[in-house]
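A.B. asks: From first to last, the protein sequence lines stand for chains A and C. If you want the numbering used here, it's the position in the first sequence, counting the first as 1, plus 20. If you want the numbering used here, it's the position in the second sequence, counting the first as 1, plus 178.
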Amino acid sequence: MLRFLLARLGVLIPTFLGVTLLAFGLIRLIPGDPILLMAGQHVVSDEQRATLMQRYGFDQPLPVQYLTFLGELAHGNLGQSITTRQPVLNEFLTLFPATVELALCALLLATLIGIPAGVIAAIRRGSVFDHVLMGTSLTGFSMPIFWWGLLLIILFSGTLHWTPVSGRIDLLYFFEPVTGFMLIDSLLSGQEGAFTSAARHLILPTIVLGTIPLAIIARQTRSAMLEVLNEDYVRTARAKGLAPSRVVGVHALRNALIPVVTTIGLQASSAFSGAILTETIFSWPGIGKWLVDAVGRRDYPSVQGGILLIASIVMLVNFSVDLIYGLLNPRIRHGR
Amino acid sequence: MRYGLAGGLGLMLAAVAAPHAQAKTLVYCSEASPEGFTPAFYTSGTTFDATSKNIFSKLVEFERGTTTIVPGVAESWTISDDGTEYTFKLRPGVKFHSSAKFTPTRDLNADDIIWSFDRQRDAQHPFHAVSGGSYTYFGDMGMPDLIKGIEKVDDMTVKFTLARPESPFLADLAMDFASIMSAEYADQMMKAGTPEVVDQEPIGTGPFQFVAYQKDAVIRYKAHPDYWAGKAPIDDLVFAITPDAAVRWQKLQAGECHMMPYPNPADIEAMRSNPDITLMEQNGLNIGYVVFNTKKKPFDDKRVRQALTMAINKDAILEAVYQGAGSVAKNLIPPTIWSYNDAVKDYPYDPESAKNMLKEAGVEGLKTDLWAMPVQRPYNPNARRMAELIQSDWAKVGVEAEIVSYEWGEYLKRARAGEDSTMLIGWTGDNGDPDNFFGPLLSCAAANGGNNYTNWCHQPFDEKLVKARLVSDQAERTKLYEEAQVIMKEEAPIVTIAHSVVFEPMRKEVKNYKIDPFGGHIFYGVDIEG
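(1) Would you identify the three-state DSSP class for C:Gln387, choosing helix, strand or coil?
(2) Report yes or no: is there a C-beta of chain C within less than 8 Å of the C-beta of A:Gln61?
(3) Using DSSP with H/G/I as helix, E/B as strand and the rest coil, what is A:Glu67?
(4) Going by C-alpha to C-alpha distance, which of C:Tyr500, C:Glu253, C:Arg647 and C:Gly504 sits closest to C:Leu237?
(5) In chain A, which residues lie with their C-beta within 9 Å of the C-beta of C:Ile693?
(6) Can you pull the chain A neighbours of C:Val375, defined as C-beta to C-beta under 7 Å?
(7) Take C:Glu213 and list the residues in its own chain whose beta-carbon comes closer than 8 Å to its own, dropping the five residues that flank it on each side.
(8) Going by other Cβ atoms of all chains shown within 10 Å of its Cβ, with 16 needed for buried, is C:Pro526 buried or exposed?
(9) How about A:Ala238 and A:Ala43: are their beta carbons less than 8 Å apart?
(10) Is A:Arg188 close to chain C, meaning its C-beta is less than 8 Å from at least one C-beta of that chain?
(11) To the nearest angstrom, report how far apart C:Ala192 and A:Val139 are at their CA atoms.
(12) Confirm, please, whether the CB-CB distance from C:Leu340 to C:Asp683 is below 8 Å.
(13) Under the three-state reduction of DSSP, which class applies to C:Leu187: helix, strand or coil?
(14) Taking only beta-carbon positions, decide if C:Ser570 is within less than 8 Å of chain A.
(15) Check distances from the C-beta atoms of the region 427-460 of chain C to those of chain A and list, in chain order, the residues that come in under 7 Å.
(16) Is C:Glu660 near the ligand COA - that is, is its Cβ less than 7 Å away from at least one heavy atom of it?
(17) Using three-state DSSP, classify C:Ile515 as helix, strand or coil.
(18) With distances taken from CA atoms, which of C:Asp318, C:His306, C:Lys330 and C:Ala278 is nearest C:Asp289?
(19) Can you tell me whether DSSP reads C:Asn626 as helix, strand or coil?
(20) Find the residues of chain A that neighbour C:Ile729, judging by a C-beta separation of less than 8 Å, and give them in chain order.
(21) So, for C:Pro304: in the same chain, excluding its five sequence neighbours on each side, which residues have a beta-carbon less than 6 Å away from its beta-carbon?
(22) Closest to C:Leu643 by C-alpha separation, out of C:Asp547, C:Gly617, C:Gln200 and C:Gly587, would be which residue?
(23) Could you check whether the Cβ of A:Thr114 sits closer than 8 Å to any Cβ belonging to chain E?
(24) According to DSSP, is C:Asp259 part of a helix, a strand, or is it coil?
(25) Would you mind working out which of C:Pro552, C:Gly576 and C:Leu619 sits nearest C:Trp710, comparing C-alpha positions?
(26) What is the DSSP secondary structure of A:Leu32, reduced to helix, strand or coil?
(27) What residues in the region 379-397 of chain C bring their beta carbon closer than 8 Å to a beta carbon of chain A?
(28) A:Pro51 touches chain C at which residues, Cβ-Cβ below 9 Å?
(29) Using a C-beta cutoff of 8 Å, does C:Glu213 count as contacting chain A?
(30) When the Cα of A:Ile307 is compared with those of A:Phe166, A:Gln61, A:Phe36 and A:Gly200, which residue comes out closest?
(31) Per DSSP, what are the beta-bridge partners of C:Tyr264 in this structure?
(32) Please determine, among A:Ser265, A:Val84 and A:Val323, the residue with the shortest C-alpha to C-alpha distance to A:Ile50.
(33) Compute the distance between the beta-carbons of C:Glu459 and C:Val679, then report whether it is under 8 Å.
(34) Applying the 10 Å Cβ sphere with the 16-neighbour rule, what's the burial state of A:Leu347?
(35) Out of A:Thr88, A:Ala141 and A:Ile173, which one is the CA nearest neighbour of C:Trp427?
(36) So that I know if they touch, is there some Cβ in chain A lying closer than 8 Å to that of C:Asp422?
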């Protein structure tokens, strides 16, 4: 297991360096001048522009800027946003917990419903449940998120008044963030009703962000289960007279889970990168919208820092998924 | 726990009010996060709403809901006969906000005024480069060349010396970049080694004081108890940042906020018919227009410009692009600005005459480019659509226009370099002075690299603008601008399309809100009833 772990870690380092180059380079390939964009229709004199370019270090040749970026990175410094003038790392860390909180809830919802639904559909292949599930999941998968979110808001918040429209917690509650996770902070605050309010604010965004992963996980589980249920060892298990629940739950599901874990990992990676549409609809202060805004403003330090951090997190998620494979399947662990 | 529509608001208000028995809280669903809290660094309305409109005072200010200049922290002023010296007498007893990091030991005085301007104009000022300082507005308004010196006459008197007489100067001082900050706070933060805190946790003398900002989520303010013009009727002000307009509308209906800016045009009808909502509307201080680059043939010929103006069906554009939220523009300045010349007659929509005029000018089979802005602006909600309509209008008179667009920064840069033949653009006023439209948009000084994209430099017109800037008598200035508008119409360097309408939906309980002609959102004076 240790060798497996080291081998996986070894791949991470060159990938990380590649990502630094991409994060640095891509945003500079898009046309647009951060200083002119900040000024909009106001006229910036050439002299003023030159002063600012120099102040932000954008006047240096690109390779020099890149090396400076790497040098600062080695000291743990991601630079300062040229818009808000705040350290990029601080901004990211302020917003990232909101993204993670929502992503975890959405993935939890998708997994807890998706896997059992997929298993049942596989066992009862061809049944009404199977058809309904497959039909629904196809709809869920193709759902335009913006429209879906607004629809839920109009129905559940606007008409039925069951859930709040948007935000993370009722404005009544006001406390300094400790962990950045509203569910935890609301408990820590000790204010009555804060936790309930935070939880109620999570319902709709969780459903909206969880819809597509849920559909994908359910379909993936179903097809993986169908494949495994036809395997010889499952037939053997049945022939041995094991209880059907044990055959399905232990023998079949454990093996069927490998592709499902891959899928969940991929979904997690994309959810942790921030969900721009869900965040915009629900006024959710996460990193997705922050990053898109930064691209729009050509805020180079924010964009390169943000992409780098997100990429690192995605790499860590993939790394963990690899480890889980290893735990689930000894053949992978031993490289055979 | 269940919210009812009416109950929801009740719950919300009761809830917000809970900590202090009778506290009145106004919740404003703002459209985006401010870029920062020092107005001088920025140019966006979103940032000004969160800063200069509510937490800072200026020497002089605009009377709420008008473009009239009234005393701010300066209670009076005198202007020397030659128009180059402005002496301001400061209001005594103006208190700064206090915070966990700062307790003011003195009232506002001349040092604060000088600090606020010197930070922007003096590259050697200890705070000039703090927080990466870029002072775009200050530069764009021509302040670095205009202000020769600022002098402390005594603790409560400040004298500005200008390089030349400039009548719009007073109006300039009421703008957002001229917000007065605390020199004492800056000194303390500098000594503490954290100068940038001044730009993150603002201290002003305005009606509301900053309490907390949770990035991309909420900004909290409370009424400044010692505000020089009297405490605001509301006690707390909350900006709930809500980027999507449809969601803002849902929140307003659910009672999660009292007011929202920038509604979707599609929701206006529903807002009008909702008994819980008051919908205020007013013509915006803006103009959307088409530019002819008069440096390029055949647009140097005024007959061609007039013909192409007559070929455009403005009413159709108003319906399709502004969806009713606009009014046809015949002058460069909107009707709310003084000196608006209502006697000017607009060109009629007359494709037949246009065709003949083009023939007379010897123009046949004309091919041109027509630039469309890549962004949505209050003065032009859909430039692409507008360009398509103009394209088809011009096709009817035998002119083939190709629509071109670039990324916004690039668009402006290339346009200033004169690469376009015709283009769409617009302007939103800063200070209510007619010069703020004519000067940057059509003067000779702004041609060839500035915001005068027409590159039209017409001496008889320009002389009027220059003269109007030098004289301080408003009646005389009005006459000059009225004459200038007649010349502009005749010469047709631009096609004035529309002034857009600003809508402000709010819940019925909100009282005494006044629409800011400059497009800002000012909450001083606003009350909540019931």
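Quick reminder that beta carbons are idealized off the backbone N, C-alpha and C, glycines included.
C.D. replies: Looking at the coordinates:
(1) strand
(2) yes
(3) helix
(4) C:Glu253
(5) Result: empty, since nearest Cβ-Cβ is about 22 Å, beyond 9 Å.
(6) Result: empty, since nearest Cβ-Cβ is about 12 Å, beyond 7 Å.
(7) Phe219, Tyr220, Ser222, Thr224 and Thr225
(8) exposed
(9) no
(10) yes
(11) Low per-residue confidence applies at C:Ala192: pLDDT is 42, beneath 50, and the placement is therefore not dependable enough to give any value.
(12) With the sequence shown as reference, residue 683 of chain C is identified as Pro, and Asp is not the correct amino acid for it. Against a cut-off of 8 Å, the Cβ pair of C:Leu340 and C:Pro683 comes out as no contact.
(13) Caution is warranted here: a pLDDT of 40 is assigned to C:Leu187, below 50, making its placement in the model unreliable, and the coordinate value is therefore given only provisionally. Reduced to three states, the DSSP call for C:Leu187 is helix.
(14) no
(15) Gln428, Lys429, Gln431, Ala432 and Glu434
(16) Among the components modelled here there is no ligand, and therefore nothing to report on the ligand COA.
(17) coil
(18) C:Lys330
(19) coil
(20) Since the first residue shown for chain C is 179 and the last is 708, residue 729 of chain C is missing from the structure and cannot be characterised.
(21) none
(22) C:Gly617
(23) Going by chain labels, chain E is absent from the structure shown, which instead holds the protein chains A and C.
(24) coil
(25) No answer is possible for residue 710 of chain C: it lies beyond the span of chain C, which begins at 179 and ends at 708.
(26) helix
(27) Ala390, Gln392, Lys393, Asp394, Ala395 and Val396
(28) Tyr584, Glu585, Gly587 and Glu588
(29) yes
(30) A:Gly200
(31) C:Ile257 and C:Phe338
(32) A:Val323
(33) yes
(34) exposed
(35) A:Ile173
(36) yes
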